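Enquirer: Line by line, the protein sequences are chains A and B.
Going by my numbering, the first residue of the first sequence is number 1, and it counts up by one from there.
Going by my numbering, the first residue of the second sequence is number 1, and it counts up by one from there.
Glycine residues also receive a C-beta, built at the ideal position from the N, C-alpha and C atoms.
These numbers were taken from a predicted model, which means no experiment stands behind them.
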Amino acid sequence: MNFIEFVGRNRAVILSSLAQHIYLVCISVFAGILVSIPAGILLSRHKKAAEKILAVVGIVQTIPGLVMLGIALLLFGVGNTPALVVLSVYSILPILRNTYTGLTEVQLGLIEAGYGIGMTSSQLLFKVQLPLALPSIISGIRISTVYIVSWAALAALIGAGGLGDLIWTGLSTYNTNFILAGAIPSAILAFLFSGLIGAVQRLATPRGLREVKHDE
Amino acid sequence: MITFQNVSKSYGRKLVLDNLSFEIKEGQFVILIGPSGCGKTTTLKMINRLVKPDSGEIYINGINIMEQNPVELRRGIGYVIQQIGLFPNMTVEQNISVVPKLLKYPKERWQSIVRELLEMVNMPYEEYAHKYPSELSGGQQQRIGVLRALAASPPIVLMDEPFGALDPITRDALQEEVKKLQKKLKKTIVFVTHDMEEALRLADTIVFMDNGRILQMASPEEMLRNPASDIIKEFMGRHINSRGPAELYVEDVMRTRVLKVPKTLKVLECLDRMDRWEVNSVIVLNEDDTYAGTVQLEAIQEHGKVGHEIGELVSQDTPTVSRQCKAQEVLDQLLDSPYKYLVVLNDDRTVAGLITRTSLTKAIGEALWGAKS
Ligand SMILES: Nc1ncnc2c1ncn2[C@@H]1O[C@H](COP(=O)(O)OP(=O)(O)OP(=O)(O)O)[C@@H](O)[C@H]1O
Ligand SMILES: [Mg+2]
Numbered sequence: 001m002n003f004i005e006f007v008g009r010n011r012a013v014i015l016s017s018l019a020q021h022i023y024l025v026c027i028s029v030f031a032g033i034l035v036s037i038p039a040g041i042l043l044s045r046h047k048k049a050a051e052k053i054l055a056v057v058g059i060v061q062t063i064p065g066l067v068m069l070g071i072a073l074l075l076f077g078v079g080n081t082p083a084l085v086v087l088s089v090y091s092i093l094p095i096l097r098n099t100y101t102g103l104t105e106v107q108l109g110l111i112e113a114g115y116g117i118g119m120t121s122s123q124l125l126f127k128v129q130l131p132l133a134l135p136s137i138i139s140g141i142r143i144s145t146v147y148i149v150s151w152a153a154l155a156a157l158i159g160a161g162g163l164g165d166l167i168w169t170g171l172s173t174y175n176t177n178f179i180l181a182g183a184i185p186s187a188i189l190a191f192l193f194s195g196l197i198g199a200v201q202r203l204a205t206p207r208g209l210r211e212v213k214h215d216e
Numbered sequence: 001m002i003t004f005q006n007v008s009k010s011y012g013r014k015l016v017l018d019n020l021s022f023e024i025k026e027g028q029f030v031i032l033i034g035p036s037g038c039g040k041t042t043t044l045k046m047i048n049r050l051v052k053p054d055s056g057e058i059y060i061n062g063i064n065i066m067e068q069n070p071v072e073l074r075r076g077i078g079y080v081i082q083q084i085g086l087f088p089n090m091t092v093e094q095n096i097s098v099v100p101k102l103l104k105y106p107k108e109r110w111q112s113i114v115r116e117l118l119e120m121v122n123m124p125y126e127e128y129a130h131k132y133p134s135e136l137s138g139g140q141q142q143r144i145g146v147l148r149a150l151a152a153s154p155p156i157v158l159m160d161e162p163f164g165a166l167d168p169i170t171r172d173a174l175q176e177e178v179k180k181l182q183k184k185l186k187k188t189i190v191f192v193t194h195d196m197e198e199a200l201r202l203a204d205t206i207v208f209m210d211n212g213r214i215l216q217m218a219s220p221e222e223m224l225r226n227p228a229s230d231i232i233k234e235f236m237g238r239h240i241n242s243r244g245p246a247e248l249y250v251e252d253v254m255r256t257r258v259l260k261v262p263k264t265l266k267v268l269e270c271l272d273r274m275d276r277w278e279v280n281s282v283i284v285l286n287e288d289d290t291y292a293g294t295v296q297l298e299a300i301q302e303h304g305k306v307g308h309e310i311g312e313l314v315s316q317d318t319p320t321v322s323r324q325c326k327a328q329e330v331l332d333q334l335l336d337s338p339y340k341y342l343v344v345l346n347d348d349r350t351v352a353g354l355i356t357r358t359s360l361t362k363a364i365g366e367a368l369w370g371a372k373s
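1. What in chain B is Cβ-close to Gln123 of chain A, meaning under 8 Å?
2. Can you list the residues of chain B that Leu171 of chain A reaches, using a CB-CB cut of under 7 Å?
3. Give the secondary structure of Arg257 of chain B by DSSP, where H, G and I count as helix, E and B as strand, and everything else as coil.
4. For a cutoff of 8 Å on Cβ pairs, would you count Phe22 of chain B as touching chain A?
5. Flag Ala133 of chain A as yes if its beta-carbon sits less than 8 Å from any beta-carbon of chain B, otherwise no.
6. Is it the case that the CB of His194 of chain B approaches a heavy atom of ligand 1 more closely than 7 Å?
7. Identify the contact partners of Met66 of chain B in chain A, using a Cβ-Cβ distance below 7 Å as the criterion.
8. In chain order, what residues of the same chain have a beta carbon less than 7 Å from the beta carbon of Thr170 of chain B, not counting five sequence neighbours either side?
9. Given a limit of 8 Å on CB to CB distance, which residues of the stretch 125 to 152 of chain B reach chain A?
10. For chain B, find out if any of its Cβ atoms is closer than 8 Å to the Cβ of Thr120 of chain A; answer yes or no.
11. Which chain A residues are close to Gln83 of chain B, counting only those with a beta carbon under 8 Å from its beta carbon?
12. What alpha helix (DSSP H) runs, 4 residues minimum, are completely inside the stretch 104 to 185 of chain B?
13. Are three or more beta carbon pairs between the stretch 181 to 195 of chain A and the stretch 146 to 153 of chain A nearer than 8 Å?
14. Return the chain-ordered list of same chain residues with a C-beta closer than 8 Å to the C-beta of Val330 of chain B, the five sequence neighbours on each side being excluded.
15. Could one say the Cβ of Ala204 of chain A lies closer than 8 Å to chain B's Cβ atoms, at least one of them?
16. Between the stretch 157 to 171 of chain A and the stretch 95 to 115 of chain A, do three or more beta carbon pairs fall short of 8 Å?
17. On the premise that Arg97 of chain A lies in contact with Leu134 of chain A, defined as a C-beta separation below 8 Å, what is that separation, rounded to the nearest angstrom?
18. Would the stretch 323 to 338 of chain B and the stretch 299 to 310 of chain B be scored as touching if the rule is three or more Cβ pairs under 8 Å?
19. Is it buried or exposed, Thr264 of chain B, if we count other Cβ atoms within 10 angstroms and call 16 or more buried?
20. CB of Gln129 of chain A to nearest heavy atom of ligand 2: below 7 Å?
21. Mind checking Asn177 of chain A: buried by the 16 CB within 10 Å criterion, or exposed?
22. Would you tell me roughly how many angstroms separate the C-alpha atoms of Leu73 of chain A and Ile158 of chain A, rounded to the nearest one?
23. Do we get a CB-CB distance below 8 Å when we pair Phe87 of chain B with the residues of chain A?
24. Would you say the beta carbon of Thr41 of chain B is closer than 7 Å to some non-hydrogen atom of ligand 2?
25. Hey, how far is the Cα of Ser91 of chain A from the Cα of Lys47 of chain A?
26. For Thr256 of chain B, collect the residues of the same chain with a Cβ closer than 8 Å to its Cβ; drop the 5 residues on either side in sequence, then sort them by chain order.
27. Taking 7 Å as the cut-off, is the CB of Gln94 of chain B close to at least one heavy atom of ligand 2?
28. Listed from N- to C-terminal order along the chain, which residues in the stretch 343 to 370 of chain B have their beta-carbon within a distance smaller than 7 Å of any beta-carbon of chain A?
29. What is the rounded straight-line gap between the Cα of Gly76 of chain B and the Cα of Leu185 of chain B?
30. Which same chain residues end up closer than 8 Å to Val200 of chain A when comparing Cβ atoms and leaving out the 5 residues on each side of it in sequence?
31. For Ile117 of chain A, decide whether its Cβ has a neighbour in chain B, counting only Cβ atoms nearer than 8 Å.
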């Protein structure tokens, strides 16, 4: 049976795995965004603590995925929940770091100008700092997403499904078709997500910055 | 209008402002000037509470600014920062209208303000309102920076070297504009620069700072005429002599590097010094440093006795003038007299310097045709 035939026959399984995979990625990146952007804003206002906290988060990031999954399994049992928790945790760091750098890289002069003409700190944040940091934040989201697309393959190990299911099945039965049917869509997925978010990033870059920064 | 009372500020162990007290009157164009790091920006930022004094008080219209809400205070004070500080994510229109919007002006109102202001600096609304700062030249950005500060018509505007990074021609033009705007809109402007030419051109009052203190606060004319210290003189450089010859004073044209000797100096020693200085006359001082008279080389050659003091040979024939005399008046005196120089005295009869025919001619030449530099 060649690969094309295999795909044709297992279309339903592959599509549902793909859907589950996308679901895992979207939910966990979304959760990551919800946590990291406010956290990044907070960190940007406490620069001294920030470096340390970022270092700690960085260390968490290096805990092997399998270990994390194991812990999550113990805490939440089998299924979507532990997978989503672990993936969300992994998605935090890139977004957090980029939010933080994006905000702290806003020129001091602009912040001073903002305060100097009578903005409150939240006005300054929403009118100046966040718009200027947005490209950097979105690029963090992009990195996270691409990352999570591949991490999500591990989620199958604790019964969360997704394209990982196909890959692990293939690996345990020495069936290349299964492996390919899992690997190829996840590669394409990573590619598409990356392109999509890249496009969003370009749109979200304030026009006034585009001319200066990327003279394409 | 703006009053500083004994304001001090330190960063770490460095005293940046040292017990500053001064007052700025309503409608004045006041310029803070001085060498880099002397505390100009710090002083300016205290007015809108971007920097908090360690001690002392600042009042605006009699109200202590520390008792005001900082955000409200700042909305009533225009501010142009040292590096322009236009928001790159906002268009020209959005930048100019930031403060009016914060103050909740209705849309028609802030739009007409933007239009008016852009017109005032000859940047047509249609062409520029929707451009971003990165699409403007440096001079245009500076203009917008100034307009943003003016948009909500604050009675006070603070400007920190707004034209620092501009070429001289654009700077000239913007200085003109700002001066016109200030006259027209009757603002109180506090303006920081380290360019004396700019200060002389714009200021009603110049505040000269050094090391966190005010060395002199005076009108440009007064500062030109009576710079309170050497460093101010240095800052004025060629401007001191760039007035017409009719406005030159003795102190502007005198030489200050002259040979002065105490009365008690021995004749031989004195001859030796005159030789080294290559001069043929010397100014002699009393014990209290006041002027005693002069001694010419011929007098020493004719009457000098080895071992005697030079004081015995002093003559009072050389005319003396006060440093505040008009140069014009001493010109005739110098040309008519048989002496080749006049001695310039301070009010306390100590010696300020002397005027020679050469030094006077040179100063008049500079006044007429500009300095050679
Ligand atoms: N936030 C700060 N922390 C520490 N030191 C500071 C700070 N701001 C200013 N200083 C110091 O205070 C002194 C006065 O600074 P200020 O900015 O007022 O100088 P300035 O007169 O405006 O100089 P320039 O002409 O270079 O702009 C300088 O020695 C500067 O290094
Ligand atoms: Mg400064």
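Expert: If we stick to the structure as given:
1. Leu102
2. Result: empty, since nearest Cβ-Cβ is about 49 Å, beyond 7 Å.
3. coil
4. no
5. no
6. yes
7. By Cβ distance, chain A contributes nothing, its closest Cβ being about 16 Å from Met66 of chain B, past 7 Å.
8. Gly139
9. Tyr132, Pro133, Ser134, Glu135, Arg148, Ala149
10. yes
11. Gln107, Gly109
12. 107 to 120, 125 to 128, 138 to 150, 168 to 185
13. yes
14. Val250, Val321, Leu342, Ile355, Leu360
15. no
16. no
17. Leu134 of chain A to Arg97 of chain A, Cβ: 15 Å. No contact.
18. no
19. exposed
20. no
21. buried
22. 7 Å
23. yes
24. yes
25. 22 Å
26. Ala352, Gly353
27. no
28. none
29. 15 Å
30. Ile138
31. yes
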